[in-house]
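Protein chains in written order, with the working numbering: chain A, 99 to 247; chain B, 64 to 389.
The structure under discussion appears below in the form of C-alpha cells.
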C-alpha cells in the first residue's frame with residue numbers, strides 16, 4: 099500500500115538523486131520496470147546497465163537520467179529503509195508511484211501536494227492524519243488540511 | 064536589481080532560452096524536462112567560463128548556488144541571476160527568504176515546493192517546454208485577463224460568491240460592489256487561508272471567484288490550481304494587486320504612470336520591493352497623497368466607492384461580470 103507522509107521526518111532522504119548516484123545497483127537499471135519508467139519519463143532507452151540512449155543528450159551514463167526516475171527506481175528497489183522525497187518527482191511520475199505502491203508497502207515523503215489526478219484506482223494512507231483515501235479528490239481534501247510540508 | 068533579462072544557455076546538444084522579469088522565478092513541472100541540466104550548465108559555465116564549452120548569453124552574470132556556504136556566497140554576490148536546484152533544503156528556510164529579500168540579485172529556483180516564505184508571482188511560475196534540443200519556458204498556469212483557470216476561458220466569469228485575500232481596502236471595495244449585486248463576499252484574511260474557503264468537490268451551481276494579489280500568490284498556486292481542476296466552479300482573479308487595479312483605472316494622475324504600468328520591471332528595484340504589490344501600494348499612496356483620492360491600505364477612502372471612480376476600477380477588472388445571472 100502507498101503511504102504518504104507530508105513534511106520533515108526522520109529517516110527521509112530529501113534529495114534522492116544524490117543517494118541514487120552513490121547506491122544504485124546495475125540490476126536495478128536493466129529490470130523491466132526501470133526500463134519502462136526510463137522510457138516513459140525520460141523518453142530514453144536502456145542500452146545496458148551502464149548506458150542510456152537519450153534522444154536529446156545522446157548516449158549518457160546512468161547518473162544523468164532524471165531525478166524523478168532515479169527516485170522512482172529507489173522506491174521500487176532500494177531496501178535500506180530510507181523514505182524517499184517524492185517531491186523530487188514530477189506529476190508524470192505519479193502513476194508509477196501508485197504502481198509501485200500496489201506491489202509493496204511503499205512510504206513516500208512529500209513537501210508539496212503532488213497531483214495524482216488521473217491515476218487509476220488511487221488509494222493511499224495519509225500518515226499525518228491516519229486516514230485512508232480512495233480517490234484523488236479525497237486525497238486533495240485531506241492534503242489541504244495537513245499543515246506540514 | 065531591476066529590468067528584464069533574456070538568457071540563452073547552450074552547448075552542442077542542448078539549447079535553453081528564458082526571459083526573467085522579476086526577482087523570483089520558479090521552474091517546476093514534469094520530470095525529465097531538463098531542469099537540473101539547466102542549473103548544471105549554468106554552474107559549469109560560471110566556474111570555467113568559455114572553456115566549459117557552454118555559452119551563456121545574458122546582460123547579467125549567471126551562476127548557480129548550492130547548499131555549501133550559500134549564505135556567505137550570496138552575501139558576496141551582487142546583481143547576478145542566481146540559479147538554485149531543488150537539492151538544497153535551505154531554499155525553504157526563513158534565513159534564505161531574509162537573505163533573498165536583502166539581496167540585489169534575481170533568483171531562478173527549480174523546485175516543486177510551495178516556498179511560502181517567498182512572495183513570488185503566479186506569472187513567474189514556469190515549466191520547461193521541450194522540442195528536440197530546444198528548451199524554453201512556458202507559464203504553468205493559463206490566464207486570460209488575470210483570470211486563472213485550468214482551461215482557456217471562453218466566457219465571462221459571473222460569480223455568485225467572492226472571496227478576497229485582502230481584509231482591508233481591497234475587501235471593502237469588493238464587499239461594497241458585491242452587496243450592490245447581491246453577491247456574497249468574504250475575506251479569507253490572508254492568501255494562505257484561501258485554499259480553506261473553497262472545495263475541490265463541486266457542490267451545487269454556485270460559482271466562486273477568488274480575488275488575490277497575483278504578485279505574491281505563487282506559493283498558493285499549486286493547490287488552488289488543483290482545486291480549480293476538480294471544481295470548475297472556482298476561478299481565480301489575480302491582478303498584481305488591488306492598488307494596481309486602481310492605478311490601471313485611468314483615474315489616477317502620476318508622473319510616467321503608464322510607462323511604469325506597461326513595464327514595471329524597469330521601475331521596481333527588487334532590493335527595495337520584495338514583491339511588486341508593495342511597489343504598487345507605495346506608488347498609489349504617493350500619487351494620491353495630496354488629493355481627495357488619498358489612499359490608505361488599512362481603510363478604504365470612500366471616494367473609491369463613488370460613481371465614475373468605482374466604475375473605472377470595475378472596468379479594469381476584465382473578464383468578470385458583476386450582474387447576477389438569472
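Beta carbons are placed, not taken as given, at the ideal position from N, Cα and C, and that holds for glycine.
Distance between residue 175 of chain A and residue 136 of chain A, taken at the CA atoms: about 14 Å. For residue 215 of chain A, the CB contacts under 7 Å within the same chain, skipping 5 residues up- and downstream, are 234 in chain order. Under the Cβ criterion of 8 Å, residue 172 of chain A is not counted among the residues facing chain B.
Identification of chain A residues near residue 258 of chain B by a Cβ-Cβ cut-off of 7 Å yields 242, ordered along the chain. Flagged as an interface residue toward chain B: residue 112 of chain A, by a C-beta distance shorter than 8 Å.
In summary, no residue of the region 220 to 232 of chain A has a CB separated from any CB of chain B by less than 8 Å. Inclusion of residue 277 of chain B and residue 301 of chain B in the CB contact set at 8 Å is warranted, their separation being smaller than that value.
Listed along chain A are 235 and 239, each with a C-beta nearer than 8 Å to that of residue 264 of chain B.
Remark: C-beta atoms of residue 74 of chain B and residue 117 of chain B approach each other more closely than 8 Å. In this model, residue 338 of chain B and residue 148 of chain A are separated by some 46 Å (Cα to Cα).
Taking a Cβ-Cβ threshold of 7 Å, the residues of chain A close to residue 285 of chain B are 210 and 211, in chain order. For the C-beta of residue 247 of chain A, the chain B residues within less than 9 Å are, from N- to C-terminus, 155, 176, 177 and 179.
Using a Cβ-Cβ cut-off of 8 Å, residue 141 of chain A is close to 95 of chain B, given in chain order. In the three-state DSSP reduction, residue 250 of chain B falls in the strand class (E or B).
Within its own chain, the residues whose Cβ lies closer than 6 Å to the Cβ of residue 180 of chain B, once the five positions on either side in sequence are excluded, are 157 and 160, listed in chain order. Taking C-beta atoms under 8 Å as the contact rule, residue 213 of chain A and residue 192 of chain A qualify, at a distance of about 7 Å. Beyond the five residues adjoining it in sequence on each side, residue 368 of chain B comes within less than 6 Å, by CB distance, of 239 in the same chain, given in chain order. Residues are counted here when their Cβ sits less than 8 Å from a Cβ of chain B; for the region 117 to 140 of chain A these are 139 and 140, given in chain order.
Beta-bridge pairing by DSSP links residue 316 of chain B to no other residue.
If you draw a straight line from the Cα of residue 291 of chain B to the Cα of residue 273 of chain B, it is about 11 Å long. The Cβ atoms of residue 141 of chain A and residue 95 of chain B sit closer than 8 Å to each other. Under the 8 Å criterion on CB atoms, residue 273 of chain B is classed as non-interfacial with respect to chain A. The straight-line gap separating the alpha-carbon atoms of residue 188 of chain A and residue 224 of chain B is approximately 34 Å.
Residue 68 of chain B is positioned such that its CB atom lies closer than 8 Å to that of residue 83 of chain B.
Among the residues of the region 89 to 115 of chain B, those with a Cβ less than 7 Å away from any Cβ of chain A are 92, 93, 94, 95 and 99, in the order of the chain. Residue 228 of chain A sits in coil when the DSSP states are folded into three classes, being neither helix nor strand. Under DSSP, residue 361 of chain B shares a beta bridge with no residue. Under the three-pair Cβ rule at 8 Å, the region 378 to 387 of chain B does not count as touching the region 323 to 341 of chain B.
By the Cβ rule, the region 296 to 315 of chain B counts as touching the region 262 to 270 of chain B, because three or more pairs are nearer than 8 Å. In chain order, 144, 146 and 147 place their CB closer than 8 Å to the CB of residue 128 of chain A, counting only its own chain and leaving out the 5 sequence neighbours on each side. For the set B:232, B:267, B:360 and B:166, the Cα lying nearest the Cα of residue 134 of chain B is the one of B:166.
In the structure shown, the three-state DSSP call for residue 271 of chain B is strand. Taken through DSSP and simplified to helix, strand or coil, residue 214 of chain A comes out as coil. Under the three-state reduction of DSSP, residue 203 of chain A is assigned to coil, being neither helix nor strand.
Excluding the 5 residues flanking it on each side, residue 205 of chain A has same chain C-beta neighbours closer than 6 Å at 101 and 181, in chain order. Taking all protein chains in view, the Cβ of residue 114 of chain A is crowded by 16 or more other Cβ atoms within 10 Å, so the residue is classified as buried.
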